[in-house]
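**Student:** The opening residue of the sequence shown carries number 93 in the numbering used here; numbering runs sequentially from there.
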Amino acid sequence: MLSRLEQAQEKWGGSHSVIDAWLAERQELLLQYCKIAGFSPYDKKDHALPDQLQIQSFCQILMDYLSAGHFEIYDNLVEACEEKGPDSAKLAQALYPRIADTTDVALDFNDKYAENSQEQVLRDFDRDLSNLGEVLELRFELEDELIDNLYANHTD
93 MLSRLEQAQE KWGGSHSVID AWLAERQELL LQYCKIAGFS PYDKKDHALP DQLQIQSFCQ
153 ILMDYLSAGH FEIYDNLVEA CEEKGPDSAK LAQALYPRIA DTTDVALDFN DKYAENSQEQ
213 VLRDFDRDLS NLGEVLELRF ELEDELIDNL YANHTD
């Protein structure tokens, strides 16, 4: 996921301030994900779960990222694609529902863990975090495809 982010930043970095800010937020989300997942260099001691404050911080960044996409980025990208022609519009219309599906998984994760530190709920944390990671990877791929469609084929 981090290499995909680096490629996106190289490809579209500096093309639009909103995209730059969004990719920076994606980077922060990925760093927080790595921390709570215990990936190197953030190895968890004794495979312990992250504390509730770490989970809340991650969930807040996750919600910020999702909100930025839905309320600042996608509408602009879809509109720009529609202005560029029917093929771009068709792709944007096909990608948006798939991106929305990933939002549902992320919202479910947030609802389950952002304010809940009950041991019974936390038993599923590693599995749910892994599932969220897979969903985020798909989301980033779809978002990048949407951005690429606009910039690679239609920038002046």
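Every residue gets a Cβ at the ideal spot worked out from N, C-alpha and C, and that includes glycine.
Model, not experiment: these values are computed from the prediction.
Does the separation of the CB atoms of L121 and Y157 fall below 8 Å?
**Tutor:** As a first step, residue 121 is located in the sequence shown; it is residue number 29 there, counting from the start. As a first step, residue 157 is located in the sequence shown; it is residue number 65 there, counting from the start. In this structure, Y157 lies closer than 8 Å to L121 by Cβ.
**Student:** Looking at L124: is its Cβ nearer than 8 Å to the Cβ of F163?
**Tutor:** Along the sequence shown, one-based indexing puts residue 124 at 32. Along the sequence shown, one-based indexing puts residue 163 at 71. As written in the sequence, residue 124 is Gln, which differs from the Leu given in the question. For Q124 and F163, no; Cβs fall outside 8 Å.
**Student:** In whole angstroms, what separates the C-alpha of D195 from that of S159?
**Tutor:** For the purposes of this step, residue 195 is taken as residue 103 along the sequence shown, with counting starting at 1. For the purposes of this step, residue 159 is taken as residue 67 along the sequence shown, with counting starting at 1. Residue 195 is actually Thr in this sequence, not Asp. So the two alpha carbons sit approximately 10 Å from each other.
**Student:** In this structure, does DSSP put L141 in helix, strand or coil?
**Tutor:** In the sequence shown, the residue the question calls residue 141 occupies position 49. Coil, per DSSP.
**Student:** Could you tell me the alpha carbon to alpha carbon distance between D236 and I147, rounded to whole angstroms?
**Tutor:** Numbered from its first residue, the sequence shown carries residue 236 at position 144. Numbered from its first residue, the sequence shown carries residue 147 at position 55. D236 and I147: Cα-Cα distance of roughly 26 Å.
**Student:** Return the residue from the list F232, F217, I239 that minimises the CA-CA distance to A129.
**Tutor:** For this step, residue 129 is matched to residue 37 along the sequence shown. It is F217.
**Student:** Only counting the same chain, and skipping five residues up and downstream in sequence, which positions put a Cβ closer than 6 Å to that of Y205?
**Tutor:** As a first step, residue 205 must be located in the sequence shown, where it is residue number 113. Excluding positions up to five away in sequence, the list reads I147.
**Student:** Give a yes or no on whether the C-beta atoms belonging to N202 and L154 are separated by under 8 Å.
**Tutor:** Within the sequence shown, numbered from 1, the residue matching residue 202 stands at position 110. Within the sequence shown, numbered from 1, the residue matching residue 154 stands at position 62. Yes; because the gap between Cβ atoms is below 8 Å, this pair is in contact.
**Student:** In three-state DSSP terms, what is E229?
**Tutor:** Taking the first residue of the sequence shown as position 1, residue 229 is located at position 137. E229 carries a helical assignment under DSSP once its states are collapsed to helix, strand and coil.
**Student:** Look at the alpha carbon of D193 and the alpha carbon of A186, and state the distance between them as a whole number of angstroms.
**Tutor:** Taking the sequence shown and counting its residues from 1, one reaches residue 193 at position 101. Taking the sequence shown and counting its residues from 1, one reaches residue 186 at position 94. Distance between the alpha carbons of D193 and A186 is about 12 Å.
**Student:** Taking just the CA atoms, how far does P178 sit from V213?
**Tutor:** Numbered from its first residue, the sequence shown carries residue 213 at position 121. Numbered from its first residue, the sequence shown carries residue 178 at position 86. Straight-line Cα distance between these residues: approximately 46 Å.
**Student:** Report buried or exposed for N208, applying the criterion of at least 16 other Cβ atoms within 10 angstroms of its Cβ.
**Tutor:** Translated into positions along the sequence shown, residue 208 becomes position 116. Burial check for N208: the Cβ neighbour count within 10 Å stays below 16, so the residue is exposed.
**Student:** Rounded to whole angstroms, what's the CA-CA distance from D200 to R190? Just pull it up for me.
**Tutor:** Within the sequence shown, the letter at position 108 stands for residue 200. Within the sequence shown, the letter at position 98 stands for residue 190. Going by C-alpha positions, D200 is about 16 Å away from R190.
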